[in-house]
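Engineer: Throughout the sequence shown, residue numbering follows my numbering, covering 1171 to 1568 in sequence. Virtual Cβ for every residue (Gly too), placed ideally from N, Cα, C. These numbers come from a predicted model, not from an experiment. Dropping the structure in here first, questions after.
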Amino acid sequence: MMRDIFDEQLKALRAASLDRNLREIASAHGPEITMLGRDRRARRLINFSSNDYLALANDRRLREAAISAINEFGVGAGASRLISGTQSPHLHLERALAKWKGTEAALSFSSGYVAALGTIPALVTRDDIVLLDKLCHASLIDAAKLTGAVLRVFPHNNLRKLESHLEWTRHKPPGKRVLIVTESVFSMDGDRAPLRDVIDLKKRYGALLLLDEAHAVGVIGVNGRGLAAEENVSDDVDVQMGTLSKALGASGGYICGSHTLIEWLINRARSFIYSTAPPPAIAAAALAALNFVSSAEGEERRLLLWERVKLMRELLSPLTSHLSPSENPTSAIIPWIVGDEQAALDLAGALSTEGLFVPAIRYPTVAKGSARLRITVTAAHSEDQIRSLCEAIKGNLP
Ligand SMILES: Cc1ncc(COP(=O)(O)O)c(C=O)c1O
């Protein structure tokens, strides 16, 4: 019975070119990976799919920190941090996160998704209002839905519409909380939020702001502290969310903010309270990554990343109207918009045949008819690898 239902639905997904499959990688993540085909044959591919922007996921320092923490603390954490006690690496990481972000305190979670899922419902209730950017990540949308609050979505980066939603909240009974949720760098488009303007509005209307810095930390701002730090508005962001899983090369999510906020989350964030703590070795690896991004070598790595991003944009921009070479790059994410779902799969397939791995992103991750290749550049890509990708895209244009 269940088989019948889902077989039919899977068939429909395949017919619409919207089905997804797992691909086996038999190597560490890096600018080149080993992918196993259906026939189990291994192929080396140049990898433009990863959020490992600073090439830390397989860095010796992170590996050594994790191994040494495994030797000292073991592998599993045993239980939730409120049940079996908090192992030191989690606390060391959180102190370092707070210091790095310049906030009073920080709390880590097992992923960014889980951080959102625990935090947003702890901040607002069904009596409140959440205002979300249309392109917010699924973790933020799912978390907002979980609150039971009234949700209002504003078109992507549309300040006028955000303001009109805020204006509307004024007619609600006093005491209702209004939470604005947006991202520093949008995960599938690679553009940035107009953060200063959002903050002006939130102040004017007395709202709270949660900013997800998932794709900004490590790569934007002094010491890679993110967009709020770069724009000098960190103190105006009530809840700073981020992940340790992308530029920081480890795994996990975090919230930085006031002592009160963090104490409240320890008491109310269900995904923190009712889940086993992440492995202490992961916290130790994330701490090593934080030390790296705050160092002079981290700064050099960031500069290298931005050079590589500029090169990619310069080479791609003559091939399309939606990428301008002169524009300062906003992130290491370059969307190559194809439109049709099957055409995006075909292009990704053709690139794969040429030894290049670039994922095709389709609905529901992006809107129907706006399928794309999501190209991510890392500091570890060589100029030759970037040129190969641009040549291959050029050779496969209709
Ligand atoms: C904007 C954004 N927020 C949150 C997440 C979730 O983070 P994590 O992968 O650590 O769960 C992601 C990516 O997956 C993301 O792109």
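What are the complete alpha helix (DSSP H) segments, minimum 4 residues, inside the segment 1446-1499?
Structural biologist: 1450-1463, 1466-1486
Engineer: Got a sec: does ligand 1 put a non-hydrogen atom nearer than 7 Å to the Cβ of His1199?
Structural biologist: Within the sequence shown, residue 1199 is the residue found at index 29, counting from 1. Every heavy atom of ligand 1 is 7 Å or more from the Cβ of His1199, so no.
Engineer: Using CA coordinates, which residue listed in Ala1455, Arg1211, Ile1504 is at the minimum distance from Glu1235?
Structural biologist: Indexing the sequence shown from 1 puts residue 1235 at position 65. Residue identity differs from the one stated: residue 1235 is Ala in this sequence, not Glu. For Ala1235, the nearest C-alpha among the options comes from Ala1455.
Engineer: Would the C-beta of Glu1353 count as close to ligand 1, meaning under 7 Å from any of its heavy atoms?
Structural biologist: In the sequence shown, counting from the first residue as 1, residue 1353 sits at position 183. Correct: Glu1353 has its Cβ closer than 7 Å to ligand 1.
Engineer: Identify whether Asn1217 lies in helix, strand or coil by the three-state DSSP scheme.
Structural biologist: The count along the sequence shown starts at 1 and reaches residue 1217 at position 47. DSSP places Asn1217 in strand when its eight states are reduced to three.
Engineer: Reducing DSSP to helix, strand and coil, say where Gly1345 ends up.
Structural biologist: Against the sequence shown, residue 1345 aligns to sequence position 175. Looking at Gly1345 - three-state DSSP - the assignment turns out to be coil, as it is neither helix nor strand.
Engineer: What is the DSSP secondary structure of Cys1426, reduced to helix, strand or coil?
Structural biologist: Along the sequence shown, read from residue 1 onward, the residue named residue 1426 stands at position 256. Cys1426 falls in the strand class under three-state DSSP.
Engineer: Might you give, ordered along the chain, the residues of its own chain that have their beta carbon closer than 7 Å to the beta carbon of Arg1193, omitting 5 neighbours on each side?
Structural biologist: Within the sequence shown, numbered from 1, the residue matching residue 1193 stands at position 23. Only Met1205 meet the Cβ criterion.
Engineer: Since Ala1514 and Ala1541 are thought to touch, with beta carbons under 8 Å apart, how far apart are those beta carbons, to the nearest angstrom?
Structural biologist: In the sequence shown, the residue the question calls residue 1514 occupies position 344. In the sequence shown, the residue the question calls residue 1541 occupies position 371. Contact holds; Cβ gap of about 4 Å.
Engineer: Taking only the alpha-carbon atoms, compute the straight-line gap between Phe1218 and Ala1453 and give it to the nearest angstrom.
Structural biologist: Taking the sequence shown and counting its residues from 1, one reaches residue 1218 at position 48. Taking the sequence shown and counting its residues from 1, one reaches residue 1453 at position 283. Cα-Cα distance, rounded: 26 Å.
Engineer: Which runs of the alpha helix (DSSP H), 4 residues or longer, sit entirely within the segment 1234-1277?
Structural biologist: Whole alpha helix (DSSP H) segments, 4+ residues: 1251-1254, 1258-1271.
Engineer: Do Thr1413 and ligand 1 come close, with the Cβ less than 7 Å from some heavy atom?
Structural biologist: Taking the sequence shown and counting its residues from 1, the one referred to as residue 1413 is at position 243. Flag set: Cβ of Thr1413 near ligand 1.
Engineer: Exposed or buried, Ile1432, counting other C-beta atoms within 10 Å across all chains shown (16 or more means buried)?
Structural biologist: Here the question's residue 1432 lines up with position 262 in the sequence shown. Classification for Ile1432: buried.
Engineer: Hey, quick one: how far does the beta strand (DSSP E) through Glu1202 stretch, first residue to last?
Structural biologist: Indexing the sequence shown from 1 puts residue 1202 at position 32. First-last of the beta strand (DSSP E) with Glu1202: 1202-1206.
Engineer: Check for me: the beta strand (DSSP E) holding Arg1322 runs from which residue to which?
Structural biologist: Indexing the sequence shown from 1 puts residue 1322 at position 152. From DSSP, the beta strand (DSSP E) with Arg1322 extends over 1320-1324.
Engineer: Under 8 Å, with one C-beta from each stretch per pair, do the segment 1290-1303 and the segment 1318-1330 reach the 3-pair mark?
Structural biologist: yes
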